[in-house]
Amino acid sequence: MRAEPGPAYTVTFDGAQVAVLPGQTVAAALWSAGVTAWRTTRGTGEPRGVFCGIGVCFDCLVTVNGRPNQRACLVRAEPGDDIRTQHGTGHEHVVGGEER
Amino acid sequence: MSRSPHEGADGGTACPSLAVIGAGPAGLAAALAAAVRGSRVTLIDAGAQAGGQFYRQPAEELGARRPQALHHQWRTWERLRDGLAAQIAAGRVTHLTDHHVWCVERLEETSGFLVHALHGPAQEEPSVVRADAVVLATGAYEKVLPFPGWTLPGVITAGGAQAMLKGGLVLQGRTAVVAGTGPLLLPVAAGLAAAGAEVAALVESAGAQGVARHARTFAVHPDKLVEGAGYVAELMRRRVRLKARHAVVEAQGDGALEAVSVAALDRDGRVVPGSEHVIACDTLAVGHGLLPHTDLAETLGCRLEGTAVAADDEQRTDVHGVWAAGEATGVGGAALSLAEGHIAGCSAAARLAGREPDPRAWEAAAKSRAKTRKFSTSLDAAFAPRAHWAEQVTDDTVVCRCEDVPASAIREAVGELGATDARTVKLLTRAGMGWCQGRMCGPAVAGLTGCEPVPSRRPFARPVPLGVLARAGEDLPDE
Numbered sequence: 001m002r003a004e005p006g007p008a009y010t011v012t013f014d015g016a017q018v019a020v021l022p023g024q025t026v027a028a029a030l031w032s033a034g035v036t037a038w039r040t041t042r043g044t045g046e047p048r049g050v051f052c053g054i055g056v057c058f059d060c061l062v063t064v065n066g067r068p069n070q071r072a073c074l075v076r077a078e079p080g081d082d083i084r085t086q087h088g089t090g091h092e093h094v095v096g097g098e099e100r
Numbered sequence: 001m002s003r004s005p006h007e008g009a010d011g012g013t014a015c016p017s018l019a020v021i022g023a024g025p026a027g028l029a030a031a032l033a034a035a036v037r038g039s040r041v042t043l044i045d046a047g048a049q050a051g052g053q054f055y056r057q058p059a060e061e062l063g064a065r066r067p068q069a070l071h072h073q074w075r076t077w078e079r080l081r082d083g084l085a086a087q088i089a090a091g092r093v094t095h096l097t098d099h100h101v102w103c104v105e106r107l108e109e110t111s112g113f114l115v116h117a118l119h120g121p122a123q124e125e126p127s128v129v130r131a132d133a134v135v136l137a138t139g140a141y142e143k144v145l146p147f148p149g150w151t152l153p154g155v156i157t158a159g160g161a162q163a164m165l166k167g168g169l170v171l172q173g174r175t176a177v178v179a180g181t182g183p184l185l186l187p188v189a190a191g192l193a194a195a196g197a198e199v200a201a202l203v204e205s206a207g208a209q210g211v212a213r214h215a216r217t218f219a220v221h222p223d224k225l226v227e228g229a230g231y232v233a234e235l236m237r238r239r240v241r242l243k244a245r246h247a248v249v250e251a252q253g254d255g256a257l258e259a260v261s262v263a264a265l266d267r268d269g270r271v272v273p274g275s276e277h278v279i280a281c282d283t284l285a286v287g288h289g290l291l292p293h294t295d296l297a298e299t300l301g302c303r304l305e306g307t308a309v310a311a312d313d314e315q316r317t318d319v320h321g322v323w324a325a326g327e328a329t330g331v332g333g334a335a336l337s338l339a340e341g342h343i344a345g346c347s348a349a350a351r352l353a354g355r356e357p358d359p360r361a362w363e364a365a366a367k368s369r370a371k372t373r374k375f376s377t378s379l380d381a382a383f384a385p386r387a388h389w390a391e392q393v394t395d396d397t398v399v400c401r402c403e404d405v406p407a408s409a410i411r412e413a414v415g416e417l418g419a420t421d422a423r424t425v426k427l428l429t430r431a432g433m434g435w436c437q438g439r440m441c442g443p444a445v446a447g448l449t450g451c452e453p454v455p456s457r458r459p460f461a462r463p464v465p466l467g468v469l470a471r472a473g474e475d476l477p478d479e
């Protein structure tokens, strides 16, 4: 598959620079960088990444610019995005503990 | 995109308005058929571009030079795409992209509908479309039955692998195994190989004999036979091992997929003891068929047949003013979706204009529908998920991926607590209570419980911010 995309830009994943082609979702950008897991589950802390790829399974949840629970397979990666591994609910920083 | 909460073809004009939900083959065919016949159509879809899953397009900015290399029936797509552009230019179709519909509300007083959607980067901005009638073309999603290790990063659905490839032009890893059952596995394996992955094996649980038994139906669909044979030839050329009547029984790896264990199956679908062998891979694309998206139809009160929305010869549901077309009414592929969508659009346009539709107007589509339905019935029979899959599900295998519920908890609910249906198991174990609302684990929970999979009623088709929910209905669009 050949493509002639526009100029690449960068985002960060857990602080490290990741190159993104314009139009790529967060999941596609992370895959391109060789990253396959960006969430740990609430119960057992297992790593997860893309599963269904079409927004149905919510396994690929990730924190983007401080907002947890974004579906990486749907959200476009924008220049300068601060993408971070999401641990559990992604709300651990909230005073009072767990979301649920 | 407008930030106005009320978009699209609102009421109050001379033209009756039709909301078509979903811009895949069925929704596109319905929107075009209705627009040509005088309806004002609002096409509402979650994607950034039309096409749905089957005709998923790479993001425009990626500048793909030959996106057709990853597609079949490209001419049909060009016809739909150009038709949509012409209808949009003529002002007969409004296309709302990136709109995730969470509920279709029927207005008792005015006999119209409000389509509630979320849009914006975080999908938190509400949007409401008022319409006189609705076509539900909501498509399908993939069914995956669990096996040990299926939650490891690197294990993805077959359709997911295809979506990432078609939409983002990306592959994960270098060496892939494609496994499960169904006609989707062939194009997925061929697509991964064409994109540069080494496809170590295509593992299909159905036997070649089962497929051959339905050869008579295949024989009247030479196009399908040629399409399938084309994939097989492509895979053979690339030296991909085709393993019929085999199954992946375990995904292995420490924190990420490193290998799969593959076993031969006997005629009943049981693993042949001692036949297990390990194939190294960093990607497993797995699927066991498709399931219709029925949430919006269920909230409207439409009758279902099994797991699909029931529709009559005109593609009408039993709720007045609601049509359904495509995979939502039963999985049958793009050709069937196009035929059903066309019929739904013709029927809806006529009835919205107060005319009794003449079925002769869609005779060709009706013939195609009858023929492809027969074909998909025999595909279903040939590619049914193997019996006895649950025997490989160890007690510590996660069944509900969202809530981390292991098989042991479900077995305990059934064996010790006496649960006999999936709903009771859910209440006892939390299986199906997480983000995906049981879409992923539903078939597995039903199978382990020993009951038929039933659609679980979900009032909303996707998570909705409480603020949006609280405001919904406060500010109805002007009539």
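Going down the list, the sequences are from chains A and B. Counting from 1, one number per residue, gives the positions in the first sequence under UniProt numbering. Counting from 1, one number per residue, gives the positions in the second sequence under UniProt numbering. Just so you know, even glycine gets a beta-carbon here, dropped at the ideal spot from N, CA and C. Values in this document were obtained by computation on a predicted structure and should not be read as measured data.
At a cut-off of 7 Å between C-beta atoms, leucine 466 of chain B does not count as an interface residue with respect to chain A.
Under the DSSP definition of a beta bridge, lysine 243 of chain B partners with B/Val203. The three-state reading of DSSP puts cysteine 103 of chain B in strand, counting E and B together.
For threonine 372 of chain B and alanine 366 of chain B, the gap between their C-alpha atoms comes out near 10 Å. Setting aside the 5 residues that flank it on each side, alanine 444 of chain B is surrounded in the same chain by Leu145, Pro146, Val399, each with a C-beta closer than 6 Å to its C-beta; the list follows chain order. Within the stretch 427-448 of chain B, Gly434, Trp435, Cys436, Arg439, Met440 place their CB atoms closer than 8 Å to a CB of chain A, listed in sequence order. Boundaries for aspartate 268 of chain B: no alpha helix (DSSP H) harbours it, and the DSSP string shows neither H nor E there.
Arginine 471 of chain B has its alpha-carbon roughly 30 Å from the corresponding atom of leucine 304 of chain B. Among the residues of the stretch 30-64 of chain B, those with a Cβ less than 9 Å away from any Cβ of chain A are Ala46, Ala48, Gln53, Arg56, Pro58, Ala59, Glu60, Glu61, Leu62, Gly63, Ala64, in the order of the chain. DSSP places arginine 130 of chain B inside the beta strand (DSSP E), whose first and last residues are 125-131.
By the C-beta criterion, the stretch 344-361 of chain B is judged not to be in contact with the stretch 43-59 of chain B, since fewer than 3 inter-stretch pairs fall below 8 Å. Under the Cβ criterion of 7 Å, aspartate 82 of chain A is not counted among the residues facing chain B.
As the crow flies, the alpha-carbon of glycine 354 of chain B is around 22 Å from that of valine 129 of chain B. Closer than 7 Å to the CB of proline 153 of chain B there is at least one CB belonging to chain A. A direct Cα-to-Cα measurement between threonine 317 of chain B and valine 134 of chain B gives close to 10 Å.
The beta carbon of threonine 41 of chain A sits closer than 6 Å to no other beta carbon from its chain once the five residues preceding and following it are set aside. With its beta carbon at least 7 Å from every one in chain A, methionine 236 of chain B lies outside the interface. For the stretch 51-72 of chain A, the set of residues with a beta-carbon nearer than 9 Å to any beta-carbon of chain B comprises Phe51, Cys52, Gly53, Ile54, Gly55, Val56, Cys57, Phe58, Asp59, Leu61, Val64, Arg67, Asn69, Gln70, Arg71, in chain order.
Out of A/Phe58, A/Ala29, A/Gly23, A/Val50, the CA that lies nearest to the CA of threonine 283 of chain B is found in A/Val50. Residues of the stretch 165-176 of chain B with a Cβ closer than 9 Å to any Cβ of chain A, in chain order: Leu165, Gly167, Gly168, Leu169, Val170, Leu171, Gln172, Gly173.
Per DSSP, reduced to three states, the secondary structure at tyrosine 55 of chain B is coil, with no helix or strand assignment. Using a Cβ-Cβ distance cut-off of 8 Å, the stretch 15-29 of chain B and the stretch 317-329 of chain B are in contact, since at least three pairs of beta carbons, one from each stretch, lie closer than that value. Taking a beta-carbon distance threshold of 7 Å, glutamine 24 of chain A counts as an interface residue toward chain B. Taking 7 Å as the threshold, the shortest C-beta distance from leucine 30 of chain A to chain B does not fall below it. Within the same chain, and ignoring the five residues on either side of valine 468 of chain B in sequence, the residues whose Cβ sits closer than 6 Å to its Cβ are Pro126. Closest in C-alpha terms to glycine 88 of chain A, from the list A/Cys60, A/Tyr9, A/Thr36, comes A/Cys60. With the rule of 3 Cβ pairs closer than 8 Å, the stretch 74-81 of chain B does not count as touching the stretch 161-176 of chain B. Following the DSSP letters along the chain, one finds tryptophan 74 of chain B in no beta strand (DSSP E) but inside the alpha helix (DSSP H) bounded by residues 74-89. Ranked by Cα distance from alanine 308 of chain B, the first of B/His320, B/Gly287, B/Val319, B/His293 is B/His293. In this structure, proline 187 of chain B sits away from tyrosine 141 of chain B, with a CB-CB distance that is not shorter than 7 Å.
For glycine 160 of chain B, the uninterrupted alpha helix (DSSP H) run begins and ends at 158-168, by DSSP. Going by beta carbons, valine 75 of chain A and valine 26 of chain A fall inside the 7 Å limit. The count of Cβ pairs closer than 8 Å, one atom from the stretch 444-455 of chain B and one from the stretch 415-427 of chain B, reaches three, so the stretches are in contact.
The residue among A/Trp38, A/Pro5, A/Gly90 with its C-alpha nearest the C-alpha of proline 47 of chain A is A/Trp38. Listed in chain order, the beta strand (DSSP E) elements of length 3 or more contained wholly in the stretch 3-49 of chain A are 9-13, 16-20.
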